[in-house]
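See below for the structure under consideration.
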Amino acid sequence: MKTAFLINDTILFVPEQYSLYRREAYPAGRITLHAPASDCLLLLVQHAQEPVTQKMLFEQVWEKRGTVVSTNTLYQSIASVRKGLKAAGLNEEAILTLPKQGFKCVAKITPGELQDFILTFAENAEPLAETAHRPARVLHRQALKPLRGPRFRSRLYLLLAIVLVLIVGEYHWLRASPSPVYAEYTYAGKVENCQVYSSWSGTQYSIAVFNELRLRSPISCATESIAWLTIDRFQQGTSILLCDKDIAQSDAQCRSWLYREKGDEK
């Protein structure tokens, strides 16, 4: 069974699916959060009505996976949470920013199993009132006509065409979008002809690490290149991805180096 959280008796949050739904419309109207935003929301609803510090969010969402990100990345993830809740249909402010502390979920949170929150047809239907007692003969005055003929086929073809356009559009959008991981990296500066982006927020430290690793590997910045530097705070897997152009471009040519410990490069 999937764990879910009901937010203000209106919105369903399903962490396993990284998804938000309007309860009465489930499973339609799905709003998908990217993984860090979903993990942030999970921490906030698990500690509803309590402050959740930035330190706790950094540790539980990113650092436990060996990734270090900037404060700006954290705020972007919280903004994605708020945007997702609003898109799902929540009008109230659910996440408050606590200056110099962190964030707090002030919404009403009800945890449980997803199945327990799904409304049945009987629960979601409006009362029939007197219409349920009308004579049955009214229902048989005219038989329902099947949806056939040129008009129906035209609508069907139009619907299929719209679906095809949406699928093709999403495919091209995904190809054009940068990697969600590297999109959060911080620009550290330029070394010769290499533009350096780093998972570490400190630019001077990132450049120092990049230059040190260049001495241990044949990393050339003679031509215009872009380098993505991933610094593991636990020093277990620092890496460099060097490309001749933006990684979002399908024809980008890239090379990578992995440094597990000093003297061990791949």
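The letter at position 263 of the sequence shown is residue 263 when you use the UniProt record's numbering, and the numbering goes up by one with no holes.
Glycine included, every Cβ here is placed at the ideal spot set by N, Cα and C.
With fewer than 16 other CB atoms across the displayed protein chains lying within 10 angstroms of its CB, S256 is exposed. The beta-carbon separation of K245 and I219, rounded to 17 Å, does not stay under the 8 Å limit for a contact.
Within the same chain, A4, L6, L12, R23 come within 7 Å of F117 by CB-CB distance, once the 5 residues on both sides are set aside. A distance below 8 Å separates the beta carbons of V52 and F103. In this structure, DSSP gives A25 a helical state, which the three-state scheme calls helix. For A4, the pairing in a beta bridge is given by DSSP as G112.
DSSP places A88 within a helical segment (H, G or I) once states are collapsed to three. The Cβ-Cβ distance between I109 and I95 does not fall below 8 Å.
According to the DSSP assignment, T53 belongs to the beta strand (DSSP E) that extends over 51–53. The three-state reading of DSSP puts L42 in helix, counting H, G and I together. For T10, there is no enclosing alpha helix (DSSP H), as DSSP marks it with neither H nor E. By the neighbour-count criterion, in which 16 or more other beta carbons inside 10 Å mark a residue as buried, D39 falls on the buried side.
Looking at the backbone, the Cα of A28 and that of Y21 are separated by about 7 Å. If you look at A208, you'll find it in the alpha helix (DSSP H) that goes 203–214. Annotation: the continuous beta strand (DSSP E) that includes Y197 extends over 194–198.
The beta carbons of S198 and Y182 sit no closer together than 8 Å. Each residue's CA atom was taken as its position, placing P15 and R151 some 43 Å apart. For I226, the enclosing beta strand (DSSP E) stretches over residues 225–230. Sorting S19, A35, V68 by C-alpha distance to the C-alpha of T238 places V68 at the top. A direct Cα-to-Cα measurement between S70 and G202 gives close to 9 Å.
Per DSSP, the unbroken beta strand (DSSP E) holding C105 starts and ends at 102–105.
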